[in-house]
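Under numbering that gives the first Met the number 0, the first residue of the sequence shown carries the number 0, and numbering increases by one thereafter.
Heads up, the beta-carbon is just placed ideally off N, CA and C, and yes, glycines get one too.
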Amino acid sequence: METASTTADLLKHGLIADTEVDAAVETFMSDPKATLFVLGNVYRLNPHAAVKAYAFARNNLRNPEASPGLKRAAVRKAILLARPERR
């Protein structure tokens with residue numbers, strides 16, 4: 000499988016929708032162990048790996064003083080920085 004650009008690049012070029020990124024965030028927030036999310040019926044993303052690879056998200060998710068909004072924003076950024084694979 001070929002590696003695509005970042006999720007943010009796919010979003011910027013209209014290859015996926017913002018609602019799909021929101022859904023990927025929601026998937027992770029509901030199940031932090033989720034390992035598969037399909038974007039645009041063409042790309043697949045591992046939300047768990049995306050968050051694990053982004054220290055800011057990892058640190059905020061572990062911080063009991065971090066607000067839910069900050070945690071969600073950190074997860075979103077991790078997903079935007081991830082490089083989904085083409086299915």
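Task: Under 9 Å between C-beta atoms of H47 and A65 - done: no
- [ ] Identify the continuous alpha helix (DSSP H) that holds V37 and give its terminal residues.
- [x] Premise fails: V37 lies in the beta strand (DSSP E), F36 to L38, not in any alpha helix (DSSP H).
Task: Neighbour-count burial assignment, N40, 16 or more Cβ in a 10 Å radius - done: exposed
Task: Three-way DSSP call (helix, strand, coil) for N62 in this model - done: coil
Open item on the list: Using a 10 Å radius around the Cβ and a threshold of 16 neighbouring Cβ atoms, would you call L35 buried or exposed?
Closed with: exposed
Open item on the list: Please tell me whether V20 and R75 are closer than 9 Å, where the distance is taken between their beta carbons.
Closed with: yes
- [ ] Check R43 in the structure and name its three-state DSSP category.
- [x] strand
- [ ] Return the CA-CA distance between H12 and L60, expressed in angstroms with no decimal places.
- [x] 30 Å
Task: Cα-Cα separation between M0 and A49, rounded to whole angstroms - done: Confidence is the limiting factor: at M0 the pLDDT is only 45, short of 50, which leaves the residue's position unreliable, though a coordinate-based value still follows. When rounded, the distance between both Cα atoms is 17 Å.
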